[in-house]
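Enquirer: Below you will find the structure I want to go over with you.
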Amino acid sequence: MSLRIWKVILAVTMGVVLTISAGWNVAATPYRDYELQGTWLVTVTQQICNGGPVVSKFPSILTFTGGGAVVEDTSNPAFEPGQRGVGQGAWWYEGKHSFGAKTVALIRPPQTPYKVGAPLFRAGTQIIAQTIQFEPGKPDAWSSQAQVEFLDATGASYSPSPVQPPPCMDITATAVRFE
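Residue numbers for the sequence shown follow my numbering, beginning at 569 and rising by one.
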């Protein structure tokens with residue numbers, strides 16, 4: 569065989585090998601093993617910072633779409649029925665089984681008179697930013713740390729706590745995939 573034929577055979581073989589190995593690489597990314605896309609049953613825990621007492625524990629539902637959108641609903645007992653709207657936002661892959669998400673929900677003014685010791689929610693928005701982390705080997709469960717911010721109708725940040733200064737709060741969540 570001539571040298572030219574060997575070069576063609578070698579080029580075709582290398583092309584096939586590279587195509588197959590590229591396909592294997594895409595299919596085996598860690599992102600695919602820890603897919604956030606889907607609906608999750610979430611338990612949120614609000615706790616006074618540094619291991620203090622648990623203030624509240626309640627369920628939420630989060631749905632992450634394939635296009636990077638997230639929709640969430642919560643049953644946080646601090647809100648009156650209908651006072652907080654459904655959260656909407658975006659999520660993204662951060663690497664090493666970790667994701668970020670940020671949602672915003674409308675807050676309506678309370679309908680009932682203020683109760684002593686209750687949160688003082690104003691009309692505006694609630695913004696939740698969280699870092700979601702999968703444990704290796706557990707693609708159907710995750711945990712997260714969240715930061716929550718309240719903005720009134722003018723866009724000014726405020727704390728809804730009846731205690732001044734407001735206590736430091738750790739907000740964590742655990743989730744299992746809804747199937």
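Every residue gets a Cβ at the ideal spot worked out from N, C-alpha and C, and that includes glycine.
Owing to the predicted nature of the structure, the values given are computational and were not obtained by experimental measurement.
Would you grab the beta carbon distance between F626 and W659 for me? Rounded to a whole angstrom, and I think it's under 8 Å.
Expert: Actually they do not touch by this definition, with Cβ atoms about 21 Å apart.
Enquirer: Out of curiosity, what's the CA-to-CA distance linking A595 and H665?
Expert: Because the pLDDT at A595 is just 37, under 50, the model does not fix this residue reliably, and the value given afterwards should be weighed accordingly. Cα to Cα, A595 sits roughly 16 Å from H665.
Enquirer: Under the rule that 16 or more other beta-carbon atoms within 10 Å means buried, what is E703, buried or exposed?
Expert: With fewer than 16 other Cβ atoms within 10 Å, it is exposed.
Enquirer: Give me the residue from A724, V612, A743 with the minimum Cα distance to S643.
Expert: The shortest C-alpha separation from S643 is found at V612.
Enquirer: Using only CA atoms, which one of R690, Q694, G663, E662 lies nearest to T671?
Expert: Ranking R690, Q694, G663, E662 by Cα distance to T671 puts Q694 first.
Enquirer: Which residue wins for smallest C-alpha separation from D641, given the options V684, S711, V610?
Expert: Among V684, S711, V610, the Cα nearest to that of D641 belongs to V610.
Enquirer: Would you say the segment 709-719 touches the segment 738-745, given that touching needs at least three Cβ pairs under 8 Å?
Expert: Yes, the segment 709-719 touches the segment 738-745.
Enquirer: Mind checking who V716 pairs with in its DSSP beta bridge?
Expert: For V716, which the question treats as bridged, DSSP gives the partners I696.
Enquirer: Taking just the CA atoms, how far does V639 sit from G655?
Expert: Roughly 6 Å separates the two Cα atoms.
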